[in-house]
Amino acid sequence: MEKKKIKKTYSNDEITVIWQPHICTHSKKCWKGLLDVFDPREKPWIKLDGATNQQIMNQIDVCPSKALSYQKNNL
Ligand code: SF4
Numbered sequence: 000m001e002k003k004k005i006k007k008t009y010s011n012d013e014i015t016v017i018w019q020p021h022i023c024t025h026s027k028k029c030w031k032g033l034l035d036v037f038d039p040r041e042k043p044w045i046k047l048d049g050a051t052n053q054q055i056m057n058q059i060d061v062c063p064s065k066a067l068s069y070q071k072n073n074l
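Take 0 as the starting number for the sequence shown in numbering that gives the first Met the number 0 and just add one per residue.
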């Protein structure tokens, strides 16, 4: 059965984080690297006020599946 293709977005003033759970390979890198932002025990599990935008973008850059991505607002 094909996994449901969900796309969720989380925004602050500067960036929008895009989360596509059907792509995630559960490497755990995101929450092991930056638990104050990515915490699978919480709802919503992404909290953009837990770190600087740069820290969030750096962490997303190492997501191996690209289930997490971001774009800068106002571009
Ligand atoms: S880093 Fe990416 S692939 Fe790994 S658990 Fe997080 S979202 Fe999934």
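Don't be surprised by glycine CBs; every beta carbon is placed ideally from N, CA and C.
Could you spell out where the alpha helix (DSSP H) holding residue i opens and where it closes?
i: I55; result: N52 to D60
i: W30; result: K28 to G32
If I measure Cβ to Cβ from residue i and keep anything under 8 Å in the same chain, skipping five residues before and after, which residues do I get?
i: S64; result: I22, C23, T24 and S26
i: V16; result: T8, Y9, S10, I45, L47, I55, I59, L67, S68 and Y69
i: D12; result: N72
State buried or exposed for residue i, treating a residue as buried only when at least 16 other CB atoms are found within 10 Å of its CB.
i: V36; result: buried
Along the chain, where does the beta strand (DSSP E) that runs through residue i open and close?
i: I14; result: I14 to W18
i: L47; result: Careful: L47 lies outside any beta strand (DSSP E) and carries neither H nor E.
i: K162; result: Lying before the first or after the last residue shown, residue 162 is absent from the chain, which here runs from 0 to 74.
Hey, is residue i close to the ligand SF4, as in C-beta under 7 Å from one of its heavy atoms?
i: L47; result: no
i: L67; result: yes
i: T24; result: yes
i: S64; result: yes
i: K27; result: yes
Please go through the same chain and pick out, in chain order, the residues whose beta-carbon is closer than 6 Å to the beta-carbon of residue i, but skip the five residues on each side of it.
i: I14; result: N52, Y69 and K71
i: K4; result: H21
Leaving out the 5 sequence neighbours to the left and right, which residues in its chain are closer than 7 Å to residue i when beta-carbon positions are compared?
i: P39; result: W30
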